[in-house]
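> Per our numbering, residue 19 is the first one in the sequence shown, and the count goes up by one each step.
Built from N, CA and C at the ideal position, the CB exists for glycine as well.
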Amino acid sequence: MISNENLAAIHGYLCSDGYVITNPITQKHKYYYIALRNKNITLLKDFQKKCNIVFGIKPIISKQIDRCKIQNKKLFIRLTSEFGSFYSHEWKMPTMNKKSLRRWMRAYFDCDGWVRVLKAKDRKIGLESVNEGGLKEIQSALLHNFSIKSNINPKKGRKIYAMNICGKDNLALFKNHIGFLHPEKSKKLEDALDSYMDYNWSIPQERGKLLQFILQKGRKRESRNEIRFYSILKKNLLLLNALLQKYNIRSKIFGPWKNNWGSEYFCLIVISDEIDKIRR
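1) Nearest-angstrom Cα distance between I75 and K48?
2) Where do the N-terminal and C-terminal ends of the alpha helix (DSSP H) with L109 fall, by residue?
3) Using DSSP with H/G/I as helix, E/B as strand and the rest coil, what is S118?
4) If contact is defined by three or more beta carbon pairs under 8 angstroms, each pair taking one atom from either stretch, is the segment 197–212 in contact with the segment 119–136?
5) With the cut-off set at 8 angstroms, would you say Y31 and Q89 are in Cβ contact?
6) Taking I143 and I83 to be in contact with their CB atoms under 8 angstroms, please state how far apart those CB atoms are, rounded to whole angstroms.
7) Please return the same chain residues whose Cβ sits closer than 8 angstroms to the Cβ of N266, not counting the five positions on each side in sequence.
8) Go through its chain and collect everything with a Cβ distance to I166's Cβ below 7 angstroms, but skip five positions before and after it.
9) According to DSSP, is I71 part of a helix, a strand, or is it coil?
10) Would you identify the three-state DSSP class for I39, choosing helix, strand or coil?
11) Starting from S147, follow its DSSP beta bridges and name the residues at the other end.
12) To which residues of the same chain is N259 closer than 7 angstroms at the C-beta, ignoring the five residues directly before and after it?
13) Can you check whether the CB of Y217 is closer than 8 angstroms to the CB of S249?
14) Do the segment 24–43 and the segment 51–71 meet, that is, are 3 or more Cβ pairs less than 8 angstroms apart?
15) Could you pull out every residue in the same chain whose Cβ sits closer than 6 angstroms to the Cβ of N171, ignoring the five residues on either side in sequence?
16) Output the distance between the C-alpha atoms of R237 and F247, rounded to the nearest integer angstrom.
17) Below 8 angstroms, can you find three or more Cβ-Cβ pairs linking the segment 144–157 to the segment 92–110?
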């Protein structure tokens, strides 16, 4: 079991963009490499720092700033003996306490994760891997430790699996419990959360402003002499209904109904002539 947060992060880095390798036994001159391949200097420096703290060894960041590596037989033997393979198809998530799990998740998502932001259309955190078992371990750990829901689907025509975390609540839980060290991904996650509309209504109490709110928010149906108010939050319509009752305006709430995309919404209907009571 990993109880050291820095070691957990190192393991997460190596499972995602890292490698722990040696050459075949048939070759005379042996090498033992442990490295993180990534072009983000923040992640490379973090990996370098954590290796120095945990192992007392400081890996070297390449001049091309595309990896942070070290050649060390003892460290290779220690890592492979304790954790097994780090190859893409074979790595497994180790047993960890919750604090260490946070760091493992962040390191893994910092390297292999991505954030998509298409306002009002698509906001998600995603992963792709050939290691279906590994993704299922991540999925289970996210759900049981942080209540973060996700789905895994195979990519068509490819032996690869995609994991997606969608929805405002799940993205917010990810940000609060795990987050990103990667600057661009952290900013994108902030943008994704900021892009969600606030569906709570601020209904004015003053007579004139309330009338203006009704005329702006309501949708007239001339054929039925009605004004309709739509909201995905029933509490908005309950608040409006209560306020209308103060002016002896009768209204009724219907729903939930579903639109063409399967999303639920509610509707408050009031007779148009009733609104004149606010003007009196």
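The structure says:
1) 20 angstroms
2) Per the sequence presented here, residue 109 reads as Trp, with Leu not at that position. Careful: W109 lies outside any alpha helix (DSSP H) and carries neither H nor E.
3) helix
4) By the C-beta criterion, the segment 119–136 is judged to be in contact with the segment 197–212, since at least 3 inter-stretch pairs fall below 8 angstroms.
5) no
6) Cβ-Cβ separation between I143 and I83: approximately 25 angstroms, too far for a contact (criterion under 8 angstroms).
7) K295
8) L160, I183, N188, L191 and F192
9) In this structure, I71 counts as helix in the three-state DSSP scheme.
10) Three-state result, I39: strand.
11) Residue pairing for S147: DSSP places it in a beta bridge opposite Y179.
12) S269, I271 and L286
13) Yes, these two residues count as a Cβ contact at 8 angstroms.
14) Yes, the segment 24–43 is in contact with the segment 51–71.
15) A180
16) 6 angstroms
17) Pairwise C-beta distances place the segment 144–157 in contact with the segment 92–110, as three or more of them are shorter than 8 angstroms.
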